[in-house]
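Engineer: Next up is a structure, given as structure tokens.
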Ligand code: DX5
Ligand code: ZN
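Residue numbers (my numbering): 389 to 625.
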């Protein structure tokens, strides 16, 4: 589509560097472009939560909203597809201006989904629910760009961080280091200035936050505060 090809490619940044990814799930959908514009100077990526009413009970947004937002911001779009059949929509997300798509390992046919994302020129991510073990993603680590460890059960914003997931984050980080893999490790759910340091200490480098950013009166300050807390924990201070 004209909108996506008219803009220069968005740079995801270097694998492993700290990134803050505000989740639009907690934004006011009636003021989406305005709110994204406000937070953009303090954001590295924009996290777009897509829920299909099947993989999760909730329904959110789809490719038309991504295409509309694309016209308003040059931010890297990190699309989290909480869907049972993402293969039916990946092309539409790519056309709409998505930069990376992340699908869940729990739905299976992972090899085909990675190949499809690659063929569309998308950065490829795999997500794991809190109770899905590291071993589910291990065979694919050399073929993807991002592992998303859910720190809440997907479906809704504003839930509490599940600290038990940090053991799995550390397993992914150990595998990335052992293999010198160019991989980002993302956490999503209940991230704020208190939990971001724990996530970074365990090995995460992409921090998604919805309510802790868009739920605040000054979202950009909230994003900066999460970045500062994460930097302090990573010794970059
Ligand atoms: C949950 C979504 C998250 C959500 C996080 O299913 O995948 O991205 O927006 O929201 P908070 O930060 O409020 O937990
Ligand atoms: Zn998400």
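Think of the CB as a built atom: it goes at the ideal place given N, C-alpha and C, for glycine as much as any other residue. Bear in mind the structure is a predicted one, so any value in this text is a computation, not a measurement.
Go through the stretch 471-531 residue by residue and report every complete run of the beta strand (DSSP E) that reaches 3 residues or more, in order.
Structural biologist: The stretch 471-531 contains these whole beta strand (DSSP E) runs: 488-492 and 511-516.
Engineer: Could you have a look at residue 579 and say whether DSSP puts it in helix, strand or coil?
Structural biologist: It is coil, neither helix nor strand.
Engineer: Return the Cβ separation of residue 511 and residue 485 in integer angstroms, given the expectation that the two are a contact with Cβ distance under 8 Å.
Structural biologist: About 13 Å; that fails the 8 Å criterion.
Engineer: Terminal residues of the continuous beta strand (DSSP E) containing residue 607?
Structural biologist: Residue 607 -> not in any beta strand (DSSP E); alpha helix (DSSP H) instead, spanning 607-622.
Engineer: Can you check the stretch 410-454 for any beta strand (DSSP E) of at least 3 residues that lies completely inside it and give the ranges in chain order?
Structural biologist: Qualifying beta strand (DSSP E) stretches, in chain order: 433-439.
Engineer: Going by the CB atoms, is the gap between residue 535 and residue 336 shorter than 8 Å?
Structural biologist: It is not possible to answer for residue 336, since the shown part of the chain is limited to 389 through 625.
Engineer: Taking only the alpha-carbon atoms, compute the straight-line gap between residue 594 and residue 478 and give it to the nearest angstrom.
Structural biologist: Using only the alpha carbons, I get a separation of about 22 Å.
Engineer: Kindly confirm or deny that the stretch 580-596 and the stretch 539-559 touch, where touching means at least three C-beta pairs closer than 8 Å.
Structural biologist: The stretch 580-596 is in contact with the stretch 539-559.
Engineer: Comparing C-alpha positions only, which one of 443, 444 and 466 sits nearest to residue 451?
Structural biologist: Of 443, 444 and 466, the residue nearest in Cα terms is 466.
Engineer: Going along the chain, which residues of its own chain have a beta-carbon closer than 6 Å to the beta-carbon of residue 545, five neighbours each way excluded?
Structural biologist: Hits under 6 Å: 413, 414, 598 and 599.
Engineer: In the DSSP output, which residue or residues are listed as bridge partners for residue 601?
Structural biologist: Bridge partners of residue 601: none, in fact.
Engineer: Opposite residue 468 in the DSSP bridges: which residues?
Structural biologist: BP columns for residue 468 point to 437 and 490.
Engineer: Would you call the stretch 601-613 and the stretch 562-573 touching, i.e. three or more CB-CB distances under 8 Å?
Structural biologist: Touching, no, given that fewer than three Cβ pairs across the two stretches are closer than 8 Å.
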